[in-house]
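This report refers to the structure that appears directly beneath it.
Protein chains: 4
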Amino acid sequence: MKIKNGAEYIESLRKIKPIIYYKGERIKDVTRHPSTAPHVRAAAMTYALASDKEYRDLATATSHLTGKTIGRFTHVHQCIEDLIKKIKLFRVLGQKTGTCFQRCVGFDGINAVYSVVYEIDQKYGTDYFERFKKWLIYIQEENLMVVGAMTDPKGNRSKGPADQPDPDQYVHVVERRSDGIVIRGAKLHMTGAVNSHEILVMPTTAMDERSKDYAVICAIPIDTQGITLIFGRQTSDDRRDKRERIDVGKPSFGAVGGEAVIAFEDVFVPKERIFMDGETEFTSPLVYRFAAHHRANYGACKTGLMDVLIGAVSYLTQIQGTAKASHVKDKVTEMIHLCETLYSSSIACSAEGWPTASGAYMVDTMLANVCKQNVTRFHFEVARLAVDLAGGFLATLPSQYDLESEDVGYLVKKYFSGVEGIPTKHRIKIARLIEAMTGGTALVESMHGAGSPQAQRIMILREGNLEKKINLAKALLGIPQKKSDS
Amino acid sequence: MKIKNGAEYIESLRKIKPIIYYKGERIKDVTRHPSTAPHVRAAAMTYALASDKEYRDLATATSHLTGKTIGRFTHVHQCIEDLIKKIKLFRVLGQKTGTCFQRCVGFDGINAVYSVVYEIDQKYGTDYFERFKKWLIYIQEENLMVVGAMTDPKGNRSKGPADQPDPDQYVHVVERRSDGIVIRGAKLHMTGAVNSHEILVMPTTAMDERSKDYAVICAIPIDTQGITLIFGRQTSDDRRDKRERIDVGKPSFGAVGGEAVIAFEDVFVPKERIFMDGETEFTSPLVYRFAAHHRANYGACKTGLMDVLIGAVSYLTQIQGTAKASHVKDKVTEMIHLCETLYSSSIACSAEGWPTASGAYMVDTMLANVCKQNVTRFHFEVARLAVDLAGGFLATLPSQYDLESEDVGYLVKKYFSGVEGIPTKHRIKIARLIEAMTGGTALVESMHGAGSPQAQRIMILREGNLEKKINLAKALLGIPQKKSDS
Amino acid sequence: MKIKNGAEYIESLRKIKPIIYYKGERIKDVTRHPSTAPHVRAAAMTYALASDKEYRDLATATSHLTGKTIGRFTHVHQCIEDLIKKIKLFRVLGQKTGTCFQRCVGFDGINAVYSVVYEIDQKYGTDYFERFKKWLIYIQEENLMVVGAMTDPKGNRSKGPADQPDPDQYVHVVERRSDGIVIRGAKLHMTGAVNSHEILVMPTTAMDERSKDYAVICAIPIDTQGITLIFGRQTSDDRRDKRERIDVGKPSFGAVGGEAVIAFEDVFVPKERIFMDGETEFTSPLVYRFAAHHRANYGACKTGLMDVLIGAVSYLTQIQGTAKASHVKDKVTEMIHLCETLYSSSIACSAEGWPTASGAYMVDTMLANVCKQNVTRFHFEVARLAVDLAGGFLATLPSQYDLESEDVGYLVKKYFSGVEGIPTKHRIKIARLIEAMTGGTALVESMHGAGSPQAQRIMILREGNLEKKINLAKALLGIPQKKSDS
Amino acid sequence: MKIKNGAEYIESLRKIKPIIYYKGERIKDVTRHPSTAPHVRAAAMTYALASDKEYRDLATATSHLTGKTIGRFTHVHQCIEDLIKKIKLFRVLGQKTGTCFQRCVGFDGINAVYSVVYEIDQKYGTDYFERFKKWLIYIQEENLMVVGAMTDPKGNRSKGPADQPDPDQYVHVVERRSDGIVIRGAKLHMTGAVNSHEILVMPTTAMDERSKDYAVICAIPIDTQGITLIFGRQTSDDRRDKRERIDVGKPSFGAVGGEAVIAFEDVFVPKERIFMDGETEFTSPLVYRFAAHHRANYGACKTGLMDVLIGAVSYLTQIQGTAKASHVKDKVTEMIHLCETLYSSSIACSAEGWPTASGAYMVDTMLANVCKQNVTRFHFEVARLAVDLAGGFLATLPSQYDLESEDVGYLVKKYFSGVEGIPTKHRIKIARLIEAMTGGTALVESMHGAGSPQAQRIMILREGNLEKKINLAKALLGIPQKKSDS
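Residue numbers (our numbering), protein chains in the order written: chain A, 42 to 527; chain B, 42 to 527; chain C, 42 to 527; chain D, 42 to 527.
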């Protein structure tokens, strides 16, 4: 693995020149621009842990393709232990960054594509799997960051890809040449896109026969001609952009991953980088496997974040002299309880993992969906409890400029102090951290990342096997079970 | 009433020169400074409705002191109908501003102080009530905006006022002169303070004998010598400060009320403006009555906000083509249900209103506390559902600069469109409105405004009359009731 | 009012001989049969309060038809005060019986029918209103108990009345004669039916043109030929039937109201007792008005029950020595909070009452539906908290026969004791009361009485006025509102 | 293993004669008495599965003591796989019985005692471990059912064992002889006690030095002199006792496990059956380990029950014609979601299992407590949703005697029918099953079995490692961490 640590990752980004816009201007260097650098630093942590003795076992793996040591984010899960290590790694990364480290999307994309293209080849005698392995060995050797690009704009959501007035609302093939294809469209909400090396394009939903041109998987370097990225806004992003070290909340890292639109304006993809082209019946397993892997993560990375948040709130109650109140302890207990309930599902869906035909391991689909569904509830409740315990000054605290002002700084210091002996600045920093972690973008991401809540409910019902459950009830009552049931 | 509409209110603010700091700089004119003007406009709406035929009945009242028509915000409730009209007025104001209109704090302060100082005079033969009525007539005639100043910094919260290492953590009298008193301390989270004319200082908690100097009620013009205001930060406030009309969410109004620290550095208060000085046993009813009135409001103003939010989400689902999905309708139903549950308690605590000895009407304490307690839960849940229905682009949407960019504007317009015929700009504006109304400051205010959740629980238990309930159970079982019970 | 107290009511029941079956046997005298007597006693309380000085003002009213004093349960609401008194009366009755007192169904039926048949006459020139007033004066003079009979069996719920394979799944007219009609069908879940004097038959749902025969309102004495009642089972009903005074929980009153099937096998109804016959477009307002009145009650009677339950739990924690634990106090607080939230909506929908064309007052539909919807959640949560605080012995406690056994009674007394000085029997009685009030039938009734939860959600969405809310959002953003919106 | 199947287990019970009282009478044969037989049958299922090819792998294990095949319920977990198999076995048993199969308590007792007495010996050089292994080999060889006896009466709960006015409120040693001890006291809520062979007595809470006599572990045959059992009541137990095959809900099995008081009136325990006597500092780990194992089970057995309940409700909605309504599908989805969330924690706490010094495997304490805590919430919510979907007739349905009555049976059949072609009897049986599984005892057990909710919260906070979490927050903010933290 060529990129061995965070510094080398950052260095590698400086060598590529993707076209990125933000607030109407081009960003030249994502590693130095104040709006993107904090997100780069969070992704860099995924590289850093691989060179940290304490975490090396979690952060690296042995490639089943080459036998070499690789970054875990480029690995195809070979066993249940791999699945569980992923979860533990993600919780640590959440704890160390307090934010999204972005690289899981490509990781999950690699794993979903690997097992599905194997099955396409089995059915059609295509050579997608060989192409994909070649590309994957390249990614492993270079240790590149891949953005898993799935979500299309979707236009009018009451219509499918083939029925949109504007055909570009889903990424599709607009031209087929002997040496490759040309694609058009866009992917939205692309976490980590601006600081990735490669894009792994995948279909966003199960397609039918009429949508053959939309059933495409391929890999594209981020700085390929025809690709434009537009970096999105986040809650209170100006504090980040103005490098306000206190008011920004997390001085080193971003609110969440830093998402971007990736627009593909007639982008050429050479043959060896195409891994699906028109095999519509495989879009459904691709999406479900990707989604299951991705949903499993949320009980890991978000519980890492919650650990930070619980710690922040606990420290704040110590500063304010309320830590021993019974209702405070009860609310902290509830935060921990919800956090660990989420973690349970991440661990459980991994412990219940199973091998696909390709040998790659999948998590349990039901439990992974259950995991994400709970995140869309519990992260909000944990945030609500944090806001409760922190107090109203989260919403009324003067700025760091006032704290440091010659005119009024002494008033801020005096009137935002807590128990004696702890600097007011600690209280303010903690408040800003809690503010940053509990409002706006931070929670929207937990709601919609890895699919909106309704997407999980559809899977939970589908996996629920109602027929079997009905027969259990019938058996207890001596009611004959349907023939087809048995 | 001298100030008859919004424009006159704004004009009146230009004539006073309070000392206000924000981000380390002085604000010279709150009506024009981009950080405060939106909050001024929201408060101006309370004046505007009084001159609007449709709302005049709600927005004005007849003074029981002078018989003149006055702005309702300066009125002392004389009957249940007054209490209910307040609730209806506040819901309309919430609907028309989508934010906090700030002026209720002084309104509730006036009503709480009125009934309590009457009772002080009854007990001690003091003349606070006469002083207060004189001041109140002045407020009514001029139609001034009063900030109700209750919340002290509190320092180490495990200790009371008299035990703080720094005595200034609660506002207190530092000197008594023949013609008045000198006070020191600060009040935090002062909603609307920077655009108020007068401060009504009240104690923040029930005091004991040792805290005589802290038991003080008085009125002070906002630009009195010794008063400094520091205006607090809010989520994404730079968008407001940079006058970003789309990205700010609400182009005309603020996120919430605009809160400030009010520091009192040895401020002199003349005798005729002192309404309590040392009568510690009345601090408790003062706080509870103020709190009850104030907590009653939250099922009115916040339901007004929720009406806007529900409308915004409904429109967005129409734009996105999801409005008819059954889970969408169910979530919208839930938002309405929670909203109207809150409204129920505001109406109910008013319908169960009762006259104090002074003749001023109080809301039912239990139901008012129940109201606010539910706000600390339901506003978060309503926001969560809004975020669910809106979609992930809330957190990843490019800025208005990109929308308007020559380079990438066409991509933003294309890829953030919805059903045909509705401009992408509508979708984006609605998204920014929802973003502004569901994250950060907007919700913290619902949690802690009018007292933190635990404060309501204490009141709910206290008002719960467990002895009576125990006797009901005993009666059903034929178990003898305690003598003292009957 | 002829029946002036509970004893006279019970006496009156002995004079009529409806056909009632229970567990395969006929019940001859509902006032003495152990399975029905407790329910009779609860209904008798509605009569008893009218002769109790403390409650007379709530329990009686002045007839707007005759000017005489009547039992409130036979009154047509003439003002908001009437609506609020109903709520207060119901809470007291809930407190005094700890169960369903049944008589509200007929009360609400009378009020809904009164206002709707007035409107039928206005449209069609029929004389239903005069007929109804005559019948109502009779009910008022005699002070009879009326069962409001609405819910039909419904057969296959995916089909309407006219499409059922068995036409009798909804009550309908099978013959029209010059002097009256003959009806067939059944009404299910008829609360208080076995101890009522009269049945007020109403359609169960909005009917279309094809269902003319199903659109029928009429009044029938309970012992009319062709009527058969089958009394339903309840949780642990054998304890009641065996007159186990301790283990039954409530020694004097039933679990809930005592529900019965009423089967109509070709029952003749004379002309003067028919109040609707085929005016299908009035079935919808009839159902909605009845439902709104009835749903409003649940925040009154159920909060009365919750008062008893909170009292029982509080006393039990005193007996067990846990009353002062902070988590116990917090859970009791939560029980009170949920209870009073429900009460809020009952009060609020009454305070927002409005006059129909007939002069009869209606509650606010939205808030009444919100009330009942919350009951379907909160009663379960209150019960869950009660079970939590009571302890596991609720589920494992030996019987009263063991308590009184010569062989093992001393062991039960010894090992189920609590703090010194309180008899073990108190602890056991309280446990049985809590058991009876928190499991099975008691909660099912809160879920489905006055309509299942989904019925309320449909009304909440319908009343939600989304168009107006959308315009509020548009107004804030300067987006043009639809013409039709204004 | 001598007892090889359910029939042999039942046979074995007929050979012992414990003293059991129920409703004031002695029960002579628990296998035939209608009140206990259903519970015996559920326990028999644990034996039956061992001889069922499909489940043998789950239901048996290889003894690490003898190398022989044993029933899993007598096994000491040797690895993570053992822990996971236990969970899967319990879910199957829950599905097949729809109730508590009781035998887990002794299973968990064996596992907790095994690891703790090993550690006592390590510290004190005692020979408890050898004694225990001998006894355990006997249990394994005979394949006996052991009741784990932990919960004491506790008297006044604000006082510990040593401070109770009545010393017998906790089981304690009243005499020490050379050949053994004599104990007195009682254990409450003893699941499966009346149909167990042996009692494993354990302390109920952490003891201090003053409570040496209360720190006792020992094993006693159920029919030892001085032992009296009193079998407790359950919701609607008369239906069971009267062998009402339909109205009872589950015709073959009980509501829950069948709990009894075990009173010890000076019971002698020989030396070789004493495994702790006075080593108070080991009561704490004993209780926590037992509790953790036991709490882990609830996400397995209860999810088995929920599978049955979800199936019953699904079938009922098919019968009623509502299965395709979107709100019905959504509620079924929610039931599955909650069920699988619980299962996650059972799997996860097993997957995170760890070896004790003795080699026996423990589950993860945090996740096991999280599991049970959620059961105390989700089982109620799942039941609430079941009641919602089932409909109000759960609470009003006539008895099976009416269904079969010559007089009114045709009315019951007609008016409780659903969609054509499904017998009314199916609908009624399903309703009675749902009634039995959602009210009263069934839910109380989920609340308090394996410890009341507050017990789990104490453990969750204790295991939450707040210091570490505080340091995570400090690290992100550059705030120095406490020395002692590292």
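Here a beta-carbon is modelled for each residue, glycine too, at the ideal position from N, C-alpha and C.
Straight through space, the alpha carbons of Met86/D and Asp98/D are spaced by roughly 15 angstroms. In the structure shown, the three-state DSSP call for Glu445/D is coil. Comparing alpha carbon positions, the residue from Gln361/C, Val416/C, Asn512/C closest to His489/C is Val416/C.
DSSP places Glu122/B in the helix class (H, G or I) of the three-state scheme. Gln181/D and Ile44/D have their alpha carbons spaced roughly 10 angstroms apart.
As computed with DSSP, Met42/B is found in no beta bridge at all. Taking 8 angstroms as the cut-off, the beta carbon of Cys259/C is found no closer than this to the beta carbon of Phe323/C.
Distances from the CA of Lys470/B to each of Val188/C, Asn236/C, Ile520/C were compared; the closest alpha carbon is that of Ile520/C. Comparing alpha carbon positions, the residue from Tyr384/B, Leu350/B, Phe457/B, Trp395/B closest to Ile475/B is Leu350/B. Apart from the 5 residues on each side of it in sequence, Glu216/A sits with its Cβ closer than 6 angstroms to the Cβ of Val223 in its chain, given in chain order.
Within the segment 467-524 of chain D, complete beta strand (DSSP E) segments of at least 3 residues are not found at all. Using a Cβ-Cβ cut-off of 8 angstroms, Ala227/A counts as an interface residue toward chain B, since at least one Cβ of chain B sits closer than that to its own. Residue-level contact check: His213/D does not touch chain B, since none of the beta carbons of chain B fall below 8 angstroms from its beta carbon. Around the beta-carbon of Trp176/C, 16 or more other beta-carbon atoms lie within 10 Å, marking it buried. Burial state of Cys120/A is exposed, judged by a 10 Å Cβ sphere holding fewer than 16 other Cβ atoms. Rounded to whole angstroms, Met42/D and Ile111/D show a C-alpha spacing of 6 angstroms.
For Leu270/B, the three-state secondary structure derived from DSSP is strand.
Just so you know, the alpha carbons of Ile60/B and Arg473/B end up roughly 33 angstroms apart.
The Cβ-Cβ distance between Phe272/C and Thr482/C does not fall below 8 angstroms. For the pair Glu447/B and Ser293/B, the Cα-to-Cα distance works out to about 27 angstroms. Secondary structure at Pro311/C: strand, using DSSP grouped into helix, strand and coil. Around the Cβ of Gly147/C, a 10 Å sphere holds 16 or more other Cβ atoms; the residue is buried.
About 3 angstroms separates the beta carbon of Gln143/C from that of Gly233/C, a gap short enough to meet the 8 angstroms contact definition. Only Ser367, His368, Asp371 from the segment 367-379 of chain A bring a Cβ to less than 8 angstroms from some Cβ of chain C.
Excluding the 5 residues flanking it on each side, Val257/B has same chain C-beta neighbours closer than 8 angstroms at Val212, His213, Val214, Ile222, Ile224, Val242, Pro244, Ile315, Met317, Asp318, Gly319, in chain order. Taking a 10 Å sphere around the C-beta of Gly345/D, we find 16 or more other C-beta atoms and assign the residue as buried. Under the Cβ distance rule, Ser277/D counts among the residues neighbouring chain C, one pair being separated by less than 8 angstroms. The Cβ of Glu381/C sits closer than 8 angstroms to at least one Cβ of chain B.
Interface flag for Ser458/B against chain C is unset, since no Cβ pair is found closer than 8 angstroms. Three or more pairs of CB atoms, one per stretch, sit closer than 8 angstroms, so the segment 398-413 of chain B contacts the segment 326-343 of chain B.
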